[in-house]
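Only one structure is covered here, and it is reproduced in the block below.
Numbering (this note's numbering), first residue to last: 1410 to 1637.
In structure tokens form, the structure reads like this:
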């Protein structure tokens, strides 16, 4: 797959989560979680832009308005067909390479994104990731996933199962032998912490993050120290 064109981070965000409702607008240190994500992504040198993909529901219009008032590029699409919404965001942003980011990762690290883009560009990968500690030693919640726009469009054409439309990159894992999937370890020993869970999926995750002395500008080493 070609590795050219703009590198765009697409953030999947919504307010209708059953496990943690309204989570994108919940506040950590008086800052909405979605703002943590966009501000921390802005520190990534390898990104050419950011786009937030939200569902086109009445509830999520609140999130869409929040993003527009802050000047954050955003688009609304299907609530249930997340893959279609993700593709709409990629087309709208004219992405060549797509970095998928989950909005429940308020501590995402620009350095992890830059390393992911370099790893993907320098290797013969269809898809690469460092957002979860699967076959690597990264903490859960600092990184992301990356693939080409061409492959994303191919997934849109091929994915037929409901689970593959709701979880937009599941087709790759369901057919893992058909794709060159890559990941890598952090270089630093202090960052090799697959035991750390830094995402915000459930109420107890939110409480744990809310009680820590964290800031949107905090670097990865300090985050690991605080949660260590």
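C-beta atoms are modelled at their ideal positions from N, C-alpha and C, and glycine is treated no differently. Fair warning: this is a prediction, and the values are worked out from it, not measured in the lab.
Would you call the CB atoms of residue i and residue j closer than 8 Å?
i: residue 1525; j: residue 1552; result: yes
i: residue 1636; j: residue 1600; result: no
i: residue 1459; j: residue 1536; result: no
i: residue 1541; j: residue 1549; result: yes
i: residue 1468; j: residue 1429; result: no
i: residue 1574; j: residue 1490; result: yes
i: residue 1481; j: residue 1461; result: yes
i: residue 1472; j: residue 1422; result: yes
i: residue 1545; j: residue 1615; result: no
i: residue 1533; j: residue 1608; result: no
i: residue 1437; j: residue 1445; result: yes
i: residue 1512; j: residue 1587; result: no
Could you give the distance in angstroms between the alpha-carbon of residue i and the alpha-carbon of residue j?
i: residue 1632; j: residue 1623; result: 7 Å
i: residue 1583; j: residue 1470; result: 33 Å
i: residue 1620; j: residue 1626; result: 17 Å
i: residue 1578; j: residue 1463; result: 17 Å
i: residue 1565; j: residue 1443; result: 26 Å
i: residue 1497; j: residue 1419; result: 10 Å
i: residue 1500; j: residue 1547; result: 30 Å
i: residue 1571; j: residue 1488; result: 13 Å
i: residue 1476; j: residue 1483; result: 7 Å
i: residue 1416; j: residue 1516; result: 20 Å
i: residue 1453; j: residue 1506; result: 15 Å
i: residue 1412; j: residue 1495; result: 19 Å
i: residue 1576; j: residue 1568; result: 10 Å
i: residue 1431; j: residue 1449; result: 20 Å
i: residue 1441; j: residue 1479; result: 12 Å
i: residue 1628; j: residue 1518; result: 7 Å
i: residue 1581; j: residue 1531; result: 20 Å
i: residue 1618; j: residue 1439; result: 12 Å
i: residue 1543; j: residue 1612; result: 24 Å
i: residue 1451; j: residue 1435; result: 20 Å
i: residue 1529; j: residue 1466; result: 34 Å
Give the range of the alpha helix (DSSP H) segment to which residue i is assigned.
i: residue 1559; result: 1558 to 1567
i: residue 1443; result: 1442 to 1450
i: residue 1629; result: 1629 to 1636
Can you tell me where the beta strand (DSSP E) with residue i in it begins and where it stops?
i: residue 1464; result: 1458 to 1464
i: residue 1522; result: Careful: residue 1522 lies outside any beta strand (DSSP E), inside the alpha helix (DSSP H) at 1519 to 1531.
i: residue 1417; result: 1415 to 1421
i: residue 1537; result: 1536 to 1538
As a quick exercise: from the options, pick the residue whose alpha carbon is nearest that of residue i.
i: residue 1563; options: 1454, 1493 and 1422; result: 1493
i: residue 1502; options: 1477, 1414 and 1615; result: 1414
i: residue 1504; options: 1533, 1558 and 1454; result: 1558
i: residue 1539; options: 1616, 1440, 1596 and 1465; result: 1596
i: residue 1602; options: 1426, 1630 and 1435; result: 1630
i: residue 1598; options: 1611, 1510 and 1634; result: 1634
i: residue 1510; options: 1439, 1617, 1618 and 1447; result: 1447
Would you say the beta carbon of residue i comes nearer than 7 Å to a heavy atom of the ligand FMN?
i: residue 1455; result: This structure does not include the ligand FMN; it has no bound ligands of any sort.
Sequence ranges, beta strand (DSSP E) only - wholly within the segment 1473 to 1505, length at least 3 | 1483 to 1486
Could you pull out every unbroken alpha helix (DSSP H) segment of at least 4 residues lying fully inside the segment 1573 to 1611, listed in chain order?
-> 1579 to 1583
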